[in-house]
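Participant:
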Amino acid sequence: MPSLPPTGPSAFPSPASSAPQGRAAVLCGLAGWVPPRVVTNEELSRRLDTSDTWIRTRTGIGQRHFVEPGQATSDMAVEAGRRALRSAGTDTVDAVVVATTTPDRPCPATAPVVAARLGLDGAAAFDVSAVCTGFVYGLASAAGLIAAGVAERVLLIGADTYSSIIDPDDRSNAIIFGDGAGAVVLRAGSPDEPGAVGHFDLGSDGSNEEMIMVAAGGSRQRTSPGEVSREDRHFSMRGREVFRHAVTRMAASARNTLALADRKAEDVDHFVPHQANLRILRSVAEDLGLPMDHCVSNVESVGNTGAASIPLALTDAAARGTIRPGDNVLLTAFGGGLTWGSCFLTWPALAQPGLPHDQGEELAS
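Under my numbering, think of the first position of the sequence shown as 31, with each following residue one higher.
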């Protein structure tokens, strides 16, 4: 494989418009939800050639959550979305964006279904498909709607049901992924107030589409009976190549965002990367010169939840009081496509969310 391009700020140029001016999207609500069913490493070890020690050593993951049979991505998205709306103190938004790789159906999009179930009839609603970068792409999309004056409030949900596309007998992937949903509410505000989301850096490399993919099920390779192999029906990932690209792309993108924000690594209080696995998180933090105690991670308890991973990590950190108002927060992600993206914000004062695994209805006051 050709060597990757350099990782400096000029490696993946961003448009000048990514620096926010005028109206901005401001974070005003946050929540997460994971299914009650916990799948431990010990449970996986009973049917796969693995062990708790082997999984923890290579991924840092101790457990993950799976939906029950019959549950879908929209079910988790509704749970997270309802809690995020409550956190924001509102029951209305102008748009609903769902970032997911595992929609309920190929057609229609999942977002209108979620909007209807939340009582948001009439709101604009659409899906964003950027795999594990989906939440950051969704943030940029939501911010664009607000900046353009199309929306005053946007509900953004990252939700993925990876248990529906992972081959349960594929040890390399079955140990990594879990199901979950995380959501934020964004309102119109000014770019200089706490919670303003901006300084986006987004990129892609479609020449490496086969590195992370589900081959069948689209118009390129249809799921005709008897014509699709088991491998093509399930999620596949070339782990070693993904590791190298993930570290390089996330670190470079994060540097771009810091440059756009006129910040340095030492200005970052909390680094929140896509929760791919602990080894990738450590490598990206090291590349950026950030100590691990600045890196927010919940991968041990939920695994890799795709587009849900960043909002779930934020929810967990906010609920535990790790992230506080006034803290500088850097987000970065990498996923299939290939895609990558980063953004920066100063944390606002929010209603404290409950932990994602808390199945109660009420948020902490």
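Ideal Cβ placement from N, Cα and C applies to all residues, glycine included.
(1) Is G111 near L74, with beta carbons less than 7 Å apart?
(2) Specify, as a first and last residue, the run of the beta strand (DSSP E) that G152 falls within.
(3) Does the beta-carbon distance from D190 to T131 come in below 7 Å?
(4) Considering Cα atoms alone, identify which of T345, G188, L175 and S202 is closest to A381.
(5) Using a Cβ-Cβ cut-off of 8 Å (strictly less than) and excluding sequence neighbours within five positions of P138, which residues of its own chain qualify?
(6) Are G425 and R67 touching if we call contact CB-CB under 7 Å?
(7) Roughly how many whole angstroms lie between the Cα atoms of I340 and T163?
(8) Which residue from A146, N203, L216 and H229 puts its Cα closest to that of S266?
(9) Suppose you measure from the CA of L115 to the CA of A153; what does that come to, to the nearest Å?
(10) Excluding the 5 residues preceding and the 5 following E223 in the sequence, name in chain order all residues of the same chain whose CB lies nearer than 7 Å to its CB.
(11) Residue range of the alpha helix (DSSP H) that A141 falls in?
(12) Which residues bound the beta strand (DSSP E) around S374?
(13) Give a yes or no on whether the C-beta atoms belonging to A276 and A315 are separated by under 7 Å.
(14) Please tell me whether R113 and A177 are closer than 7 Å, where the distance is taken between their beta carbons.
(15) Who are the near neighbours of K294 in its chain, counting only those whose CB is closer than 7 Å to its CB and skipping five residues on each side?
(16) Which residue's Cα is closest to the Cα of D151: S171, S313, P198 and T122?
(17) Please determine, among S283, D297, D292 and L290, the residue with the shortest C-alpha to C-alpha distance to P303.
(18) What's the gap between the Cα of P133 and the Cα of L186?
(19) So, T11 versus R201, is the Cβ gap smaller than 7 Å?
(20) Give the DSSP-derived three-state secondary structure of D199 in the structure shown.
(21) In whole angstroms, what separates the C-alpha of A173 from that of F156?
(22) Going by beta carbon distance, what residues of the same chain come within less than 6 Å of S104, once the five residues before and after it are set aside?
(23) Three-state secondary structure (DSSP) at R217?
(24) V123 lies in the alpha helix (DSSP H); which residues open and close that run?
(25) I believe G336 touches V161 by the beta-carbon criterion, under 8 Å. Please report the beta-carbon distance rounded to the nearest angstrom.
(26) Could you say which of D231, F230, R53 and V64 lies nearest to S331 if we only look at CA atoms?
(27) Return yes when the Cβ of D297 is within less than 7 Å of the Cβ of D357, no when it is not.
(28) According to DSSP, F364 sits in a beta bridge with which residue or residues?
(29) Which parts of the segment 51-118 are runs of the beta strand (DSSP E), unbroken and 3 residues or longer, counting only runs that do not cross its ends?
(30) Can you name the start and end residues of the beta strand (DSSP E) that H300 belongs to?
(31) Around the C-beta of A281, are 16 or more other C-beta atoms found within 10 angstroms, so that it is buried, or is it exposed?
Facilitator: In terms of the structure at hand:
(1) As a working note, residue 111 is residue 81 in the sequence shown. As a working note, residue 74 is residue 44 in the sequence shown. Contact flag unset, no.
(2) To locate residue 152, count along the sequence shown from 1; it is residue 122. Where G152 is concerned, there is no enclosing beta strand (DSSP E), given that its DSSP letter is neither H nor E.
(3) In the sequence shown, residue 190 corresponds to position 160, counting from 1. In the sequence shown, residue 131 corresponds to position 101, counting from 1. In this structure, T131 lies closer than 7 Å to D190 by Cβ.
(4) Counting from one through the sequence shown, the residue named residue 381 turns up at place 351. Considering only alpha carbons, the answer is T345.
(5) In the sequence shown, the residue the question calls residue 138 occupies position 108. Excluding residues within five positions, none has a Cβ falling inside 8 Å.
(6) Nothing about residue 425 can be read from this structure; the chain reaches only from 31 to 395.
(7) Walking along the sequence shown from the start, residue 340 turns up at place 310. Walking along the sequence shown from the start, residue 163 turns up at place 133. Rounded to whole angstroms, I340 to T163 spans 9 Å at the Cα level.
(8) Indexing the sequence shown from 1 puts residue 266 at position 236. Selected option, being the one with the closest Cα: N203.
(9) One-based indexing of the sequence shown puts residue 115 at position 85. One-based indexing of the sequence shown puts residue 153 at position 123. When rounded, the distance between both Cα atoms is 14 Å.
(10) In the sequence shown, counting from the first residue as 1, residue 223 sits at position 193. Counting only Cβ-Cβ distances below 7 Å, and skipping sequence neighbours, we find V56.
(11) As a position in the sequence shown, residue 141 is number 111, starting the count at 1. That run of the alpha helix (DSSP H) goes T140 to R147.
(12) Numbered from 1 along the sequence shown, position 344 holds the residue referred to as residue 374. Before going further, note that residue 374 is Phe rather than Ser in the sequence given. Start and end: T369 to T376.
(13) Position 246 of the sequence shown, counted from the first residue, corresponds to residue 276. Position 285 of the sequence shown, counted from the first residue, corresponds to residue 315. Not closer than 7 Å, so no.
(14) Counted from its first residue, the sequence shown places residue 113 at position 83. Counted from its first residue, the sequence shown places residue 177 at position 147. No, they are not a contact pair.
(15) Looking up residue 294 in the sequence shown gives position 264. Once the five neighbours on either side are set aside, the close Cβ partners of K294 are L288.
(16) As a first step, residue 151 is located in the sequence shown; it is residue number 121 there, counting from the start. Nearest of S171, S313, P198 and T122 to D151, Cα basis: T122.
(17) Stepping through the sequence shown from its first residue, residue 303 is reached at position 273. Checking every option, the nearest Cα to that of P303 belongs to S283.
(18) By 1-based counting over the sequence shown, the position of residue 133 is 103. By 1-based counting over the sequence shown, the position of residue 186 is 156. Their backbone Cα atoms lie some 15 Å apart in a straight line.
(19) There is simply no residue 11 to check, as the chain begins at 31 and stops at 395 in what is shown.
(20) Residue mapping note: residue 199 aligns to position 169 of the sequence shown, counting from 1. It is coil, neither helix nor strand.
(21) Numbered from 1 along the sequence shown, position 143 holds the residue referred to as residue 173. Numbered from 1 along the sequence shown, position 126 holds the residue referred to as residue 156. Distance between the alpha carbons of A173 and F156: 14 Å.
(22) As a position in the sequence shown, residue 104 is number 74, starting the count at 1. Around S104: D134, T140, V143 and V144.
(23) Here residue 217 corresponds to residue number 187 of the sequence shown, with the count starting at 1. R217: strand per DSSP, three-state reduction.
(24) In the sequence shown, counting from the first residue as 1, residue 123 sits at position 93. Careful: V123 lies outside any alpha helix (DSSP H) and carries neither H nor E.
(25) Here residue 336 corresponds to residue number 306 of the sequence shown, with the count starting at 1. Here residue 161 corresponds to residue number 131 of the sequence shown, with the count starting at 1. 7 Å between Cβ atoms; contact.
(26) For the purposes of this step, residue 331 is identified with residue 301 of the sequence shown, where counting begins at 1. Ranking D231, F230, R53 and V64 by Cα distance to S331 puts V64 first.
(27) Position 327 of the sequence shown, counted from the start, is the residue given in the question as residue 357. Position 267 of the sequence shown, counted from the start, is the residue given in the question as residue 297. No; because the gap between Cβ atoms is not below 7 Å, this pair is not in contact.
(28) As a position in the sequence shown, residue 364 is number 334, starting the count at 1. F364 is bridged to W370.
(29) 54-63, 68-70 and 93-95
(30) As a working mapping, residue 300 is identified with position 270 in the sequence shown. Unbroken beta strand (DSSP E) run through H300: H300 to P303.
(31) The residue given as residue 281 occupies position 251 in the sequence shown. Buried: at least 16 other Cβ atoms inside 10 Å.
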